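Read the structure below first, then the notes.
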Amino acid sequence: MKRYLKYLLHAVIIIGLVVAATKYLNGEEILRALKTFRYVYAPVILLLSTAYIVSKAWRFAILMRPLSNLPWNIFMRGYLAGTAATLLPGGVTARAGLMKQAGVPLSTSGAPVAFSSILDTAAFVSGLIFAALWFDAARLPVLIVMVALAVFGLIMFVPATRDWLSRVAEWVAGKFHVLEGWRNLLKSTREVLTLDIMLKGLAISLVGVILQVIMLDLSLRGLGHTAPLSVLFLAYILPTLLGRNSALPAGLGLTEAGMVGFLSSLAEIDVDAAAAVAAIFRVSTVFFQALLGVLVYFLAWKGENESVRSTSTGKQV
324 MKRYLKYLLH AVIIIGLVVA ATKYLNGEEI LRALKTFRYV YAPVILLLST
374 AYIVSKAWRF AILMRPLSNL PWNIFMRGYL AGTAATLLPG GVTARAGLMK
424 QAGVPLSTSG APVAFSSILD TAAFVSGLIF AALWFDAARL PVLIVMVALA
474 VFGLIMFVPA TRDWLSRVAE WVAGKFHVLE GWRNLLKSTR EVLTLDIMLK
524 GLAISLVGVI LQVIMLDLSL RGLGHTAPLS VLFLAYILPT LLGRNSALPA
574 GLGLTEAGMV GFLSSLAEID VDAAAAVAAI FRVSTVFFQA LLGVLVYFLA
624 WKGENESVRS TSTGKQV
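My numbering applies: residue 324 is where the sequence shown begins, and numbers increase by one.
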């Protein structure tokens, strides 16, 4: 089982990087952008991109701490190592697999993995609400999101509905012989779902959004363009949120198209220039972060030996 998990993780992480490279390092837009880009901006953009993904790894460690007393660096390295896998459908679960190698059961790490995505979405929704103050284009998506949240809240507010959903979930878990794992997942969720942890996680997520907007601004400047902060904010928030909630891994294609549309219409940048900006931005975020993750996985992640090392230092799950 350990060998199967090891080779499966190898495969999804390498395939994820290949997907990113095929999408973002192959095409006229990126070649044209690289020829005209002012590389004085590149070190700052890549430094911010590194800070972004490291901050998310830190957030994951905060989410894991109530559930395991393994060292923080294991949680952070595990999160970083799984970055490329998230470019594949369902690839986010690779992080739970990496934690499994470190000795953390899937039913324990499942809650932090899920909350990592939930907190990202919460930060984007918060940003979208903020963007709606400036742009009519953001108001309809905000309305749709708020209605969906209200419906979900009403459903969960009714005790009878909650109890019925709980019974259905337990019945399904029993049918698949994972009832104990399901109950452990619920227990882990309750331990992570505290006001202190959620506020810390949301704060880090919001800082991540700000870092990404700054990177988009620098990508624009590197190609000789500028745009108001409000435009940059919307051009990042809405396409990224739509891409994350689409069936496409990492919103490949959809996110870039949305960015091009907003930059060309609101910042009065021609379509070709906007496409070049989107290409530079996505290479320095999606591809670069996936590459960092692959380096961490193959150079700094010890696989099942992580469990042995943590045990030898007296740290137990």
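Where is the CB? At the ideal position from N, CA and C, for every residue including glycine. Computed from a predicted structure; not experimentally measured.
{"Item": "Does the Cβ-Cβ distance between T608 and S372 come in under 7 Å?", "Value": "yes"}
{"Item": "Going by DSSP in three states, W296 sits in which element: helix, strand or coil?", "Value": "With the chain covering only 324 through 640, there is no way to say anything about residue 296."}
{"Item": "Give me the Cβ distance between V644 and L411, rounded to the nearest whole Å; I'm assuming they're in contact under 8 Å.", "Value": "What is shown of the chain runs 324 to 640, which leaves residue 644 out entirely."}
{"Item": "Closest by CA to T345, which one among L614, W494, N396?", "Value": "L614"}
{"Item": "Does the count of Cβ pairs from the region 408-423 and the region 351-366 closer than 8 Å reach three?", "Value": "no"}
{"Item": "Measure the alpha-carbon distance for A526 versus A598 and round it to whole angstroms.", "Value": "31 Å"}
{"Item": "Extract the residue ranges of the alpha helix (DSSP H) inside the region 529-571, only unbroken runs of 4 or more that lie entirely within it.", "Value": "552-567"}
{"Item": "Per DSSP, what kind of secondary structure is R388 in: helix, strand or coil?", "Value": "coil"}
{"Item": "Rounded to the nearest angstrom, what separates I520 and L442 at their Cα positions?", "Value": "11 Å"}
{"Item": "Ordered along the chain, which non-local residues of its own chain (more than five positions away) have a Cβ less than 6 Å from that of L386?", "Value": "P435, F438, V515"}
{"Item": "Comparing C-alpha positions only, which one of A558, F621, L622 sits nearest to V600?", "Value": "A558"}
{"Item": "Cβ of V342 within 7 Å of Cβ of G450?", "Value": "no"}
{"Item": "How is R355 classed by DSSP in three states: helix, strand or coil?", "Value": "helix"}
{"Item": "Could you give the uninterrupted runs of the alpha helix (DSSP H) lying entirely in the region 574-598, keeping only those of 4 residues or more?", "Value": "577-589"}
{"Item": "Under 8 Å by Cβ, that's how I've got L564 and F447 pegged, so tell me the actual separation to the nearest angstrom.", "Value": "4 Å"}
{"Item": "What residue from I603, F621, F611, V554 has the CA that sits closest to F585's CA?", "Value": "V554"}
{"Item": "Starting from V436, follow the alpha helix (DSSP H) in both directions and report where the run begins and ends.", "Value": "429-454"}
{"Item": "Would a C-beta distance cut-off of 7 Å place I592 and S542 closer than the cut-off?", "Value": "no"}
{"Item": "Can A455 and R462 be called in contact, C-beta distance under 7 Å?", "Value": "yes"}
{"Item": "What is the DSSP secondary structure of L488, counted as helix, strand or coil?", "Value": "helix"}
{"Item": "Assuming S391 and V530 form a contact by the criterion Cβ under 8 Å, report the distance between their Cβ atoms to the nearest whole angstrom.", "Value": "The pair is not a contact, with the Cβ atoms about 25 Å apart (cut-off 8 Å)."}
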